[in-house]
Every structure is written in structure tokens, then in C-alpha cells.
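One structure is given below, encoded as C-alpha cells.
Residue numbers (this note's numbering), protein chains in the order written: chain A, 37 to 131; chain B, 18 to 312.
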């Protein structure tokens, strides 16, 4: 469950490479078994990733997405929650 | 001999036995890579000794020993090789599960320096300093530190054009090498290649793997991320998809953010400078013609 007041950070154990409006994310690991994990973020995911500045809450980021992509609040909420759900599964974001 | 040098992927590597009485014996796979040149890119000083770890090392990466049985990876031993940091140095400690005569080895990698050390614990009279897995580990750190790409793939030169087909195990690398070989292509390698940017070109090189391996290279014209299919389909990839696909097939030790950053940068440059596409292919000669007409 994502708390909308939580502030997230980008994990220091991720190397991010921006390509156009998207990102490739590569986790730092100490096990060869984990090495095939490479993640990509589309334009929306990339925008949300860039908002993870350690200051903005999830609620703030939803507002930013609403404004940036000119979508309604429900769409922005769904996009942001989906992002956090996926990224938390990949242990990419540190609270 | 107490020293010899190899030219692999354009790098001249001198192996130099430091102690009198120690002789070096390259394996048959290295013979066509032996190169008589005195301007070395890397000197590896070889000593025979028990492996002693300096105090203050920190383990950063571990690899178990894995064998593929019918294409399925199966872990055989927890301990195979380990990467450690010791100040600015990178230390690689390895065992030799496939060779009872070689007990253990330690490579001192000095980033930014041309001289590394190799300590091998073995009773054999003629030491092969590039025996598996030392060959891949040394080449990995040499190329990673120089911003090259070390990748699982099959590379062929056909009608003077170089093609790299990359994919994980079972995706068709060997099949593609065989099909192009049957069509008259030169197979640069069917499993792993080093890609280096030389000027505005990308060259792919083989490395010593098989006993009759001949040193070989070709300029890259196109790269394909492959998988088997019933027909031939080539798809455009975004730069992000191409980078992620290539990264997944690279030989890489992901413990160092700096090394990851260097590799993603090298791959970014490659995907923006070359055609990198997805290829679903039928395993017959039709794919050779398809590739020829695809560009």
C-alpha cells in the first residue's frame, strides 16, 4: 500500500542513463545471478523518476504528473501508483 | 618460455614470468593470437605462489560455478571467483573447477596502470596464465576499464559487412553463425565478442576460446537482438530498448556504478551510431538473404 504522504528517494544503488525522454536503470549488485536485471522507464516513468528528489511526496508527484501531461487526477493517480508499485517490487526506490 | 605476448581485440598483452624456473605455456587456442611486439598495452607479471590476501580487502562481487545442463544453468559450487577491492586496486580471486592442477589464482588489477600482477598456485611446470576463467576475467577488466563492450553474441562477416547477433542462451547465436557460415560468411565468433570503437567505426573481435581459434575481426555494420521464430521479422527498437537489450547480453560485473556508467555510455554511443534492431528469425537460409536486404 502506497501512502500518499511518503517521500521517496532514488536508490543510490541504481545507475540511470537517460536516452531522449526515457531511462535505462541498472541496479548495482554483488551477485552474478542478479546481473540480467535491466529496467526501462517510458516518458511518464522517466518524469516520475526525476521527481524523486527527496522533497516531494507521492501526492506532490501526482499533481506534477497531472500538470505535465495534462491528464485528470484519477489518471495521474493510477500512473503514479503503478510506477511506485512496480519500482518497489524491483527495490529501486528507497523510502 | 618465460614471456610471451598476445594481441586480442587490438590490445597487446605481455605475460611475464617473474621468477626464474617458472615457464609459461600458452594453450593451443592462444597460438594464433601470439604477437611479437614490444609496445604493450598491458603487462601481466606472473608468479607461482600460494594465494595470500592482503589485509583490508573488501568483497564486492561473487560468482558461483555454474554449468549448463541441456541449456539449463545448474549451480555446481558456491565459490568460483570473487572480486575484491583493495584501495584503488581490484583483486580477482579464482579457483579452477575444471582443472585439478591449478588450485587458485589472484589477479591484481591496477586501473589506469599498464602493469598487473597474477599469482597462481599450481605445481605444473609450464603455467598457462590465461587458463579459464582467467582469460575472461582479465579480458573483462581490460575492456571494461577502457570503455569497450564484451558481449555474448555471434559475429559474422558476409559480403564485406559485419553483423552481430546477440541474445541470451538458446536464442539462436550458434544457429545464426552456422547459417551464415554455410552461406560463405566468415564467422568471427559464435559465443562472445569484444566491440571497440576505433575512430568512427565499431570493430568486433574474437578472443581465444577454441583450440583452433584464429585471430579475427570485422567492422560492424548492424547489430540484431535475436530470437527464434517461424518467419523472419525485423523490428525497429527505441534507443532505450536497444540499450536495455544489449546490456542484458553483455558480460558485466555490476558491482561498480562507475563501470556500469561507462558501459551504458559505450552502448548508448553504439546504438546512436549503428543500426540496432530486433530480429525474429526462421532457422534456415532465408534469414541470410533477409539480413542482406534489411538495411
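By construction, the Cβ of each residue, glycine as well, lies at the ideal position given by its N, Cα and C atoms.
The beta carbon of residue 56(A) sits closer than 9 Å to some beta carbon of chain B. Per DSSP, residue 55(B) is not a residue of any alpha helix (DSSP H), being assigned neither H nor E. Contact check for residue 237(B) against residue 212(B) passes: the beta carbons are separated by less than 9 Å. For the pair residue 266(B) and residue 160(B), the CB atoms are not nearer than the 9 Å cut-off.
Per DSSP, residue 121(B) is one residue of the beta strand (DSSP E) stretching across 121-126. In the three-state reduction of the DSSP assignment, residue 37(B) falls in the coil class, being assigned neither a helical nor a strand state. With its beta carbon less than 9 Å from one in chain A, residue 278(B) belongs to the interface.
Here residue 37(A) is exposed, its C-beta having fewer than 16 other C-beta atoms within 10 Å. Separation of the CB atoms of residue 63(B) and residue 146(B) is rounded to 5 Å, and the pair is thereby assigned contact status at 8 Å. Within the stretch 135-204 of chain B, the complete beta strand (DSSP E) segments of 3 residues or longer fall at 166-175, 178-183, listed in chain order. For residue 94(A), no pairing in a beta bridge is given by DSSP. Residues are counted here when their Cβ sits less than 7 Å from a Cβ of chain B; for the stretch 74-89 of chain A these are 74, 76, given in chain order. Between the C-alpha atoms of residue 174(B) and residue 235(B) there is a straight-line separation of about 6 Å.
Going by beta carbons, residue 225(B) and residue 41(B) fall outside the 9 Å limit. Taking a contact as a CB-CB distance under 8 Å, the pair residue 245(B) and residue 300(B) counts as one, their CB atoms being some 6 Å apart. Straight-line measurement puts the Cα of residue 169(B) at about 18 Å from the Cα of residue 298(B).
Neighbours of residue 42(A) in chain B, taken as residues whose beta carbon is under 7 Å from its own, are absent, since the nearest beta carbon is some 25 Å off. If you ignore the 5 residues before and after residue 123(A), its C-beta comes within less than 8 Å of the C-beta of 129, all in its own chain and listed in chain order. In the DSSP assignment, residue 285(B) falls within the unbroken alpha helix (DSSP H) covering 274-290. Here residue 211(B) is bridged, per DSSP, to 167(B), 222(B). Taking residue 171(B) as the centre and dropping the five residues before and after it, the same chain places the C-beta of 182, 190, 193, 194, 207 closer than 6 Å to its C-beta, in chain order. In the displayed model, residue 269(B) falls within coil according to three-state DSSP, outside both helix and strand. Interface criterion met: the Cβ of residue 79(B) is under 9 Å from a Cβ in chain A. Around the C-beta of residue 303(B), fewer than 16 other C-beta atoms lie within 10 Å, and the residue is accordingly described as exposed. Annotation for residue 239(B): no alpha helix (DSSP H) segment contains it, though the beta strand (DSSP E) segment containing it runs 234-245.
Using a Cβ-Cβ cut-off of 9 Å, residue 66(A) counts as an interface residue toward chain B, since at least one Cβ of chain B sits closer than that to its own. In terms of Cβ geometry, residue 259(B) and residue 305(B) do not form a close pair [threshold 9 Å]. For residue 306(B), the enclosing alpha helix (DSSP H) stretches over residues 303-309.
Distance from residue 60(A) to residue 79(A) at the Cβ level is roughly 14 Å; contact not present, criterion being Cβ atoms closer than 8 Å. Interface with chain B (9 Å Cβ-Cβ cutoff): residue 130(A) is excluded.
Flagged as an interface residue toward chain A: residue 272(B), by a C-beta distance shorter than 9 Å. Two segments are said to touch when three or more pairs of C-beta atoms, one from each, lie closer than 8 Å; by this definition the stretch 148-164 of chain B touches the stretch 107-121 of chain B. When the beta-carbon positions are compared, residue 102(A) and residue 109(A) come within less than 9 Å of each other. Listed along chain A are 53, 55, each with a C-beta nearer than 8 Å to that of residue 285(B).
With the criterion set as a beta carbon lying under 8 Å from some beta carbon of chain A, the members of the stretch 236-260 of chain B are 255, 256, 257, 258, 260, in sequence order. The distance from the Cβ of residue 274(B) to that of residue 51(A) is about 5 Å, consistent with a contact at the 8 Å cut-off.
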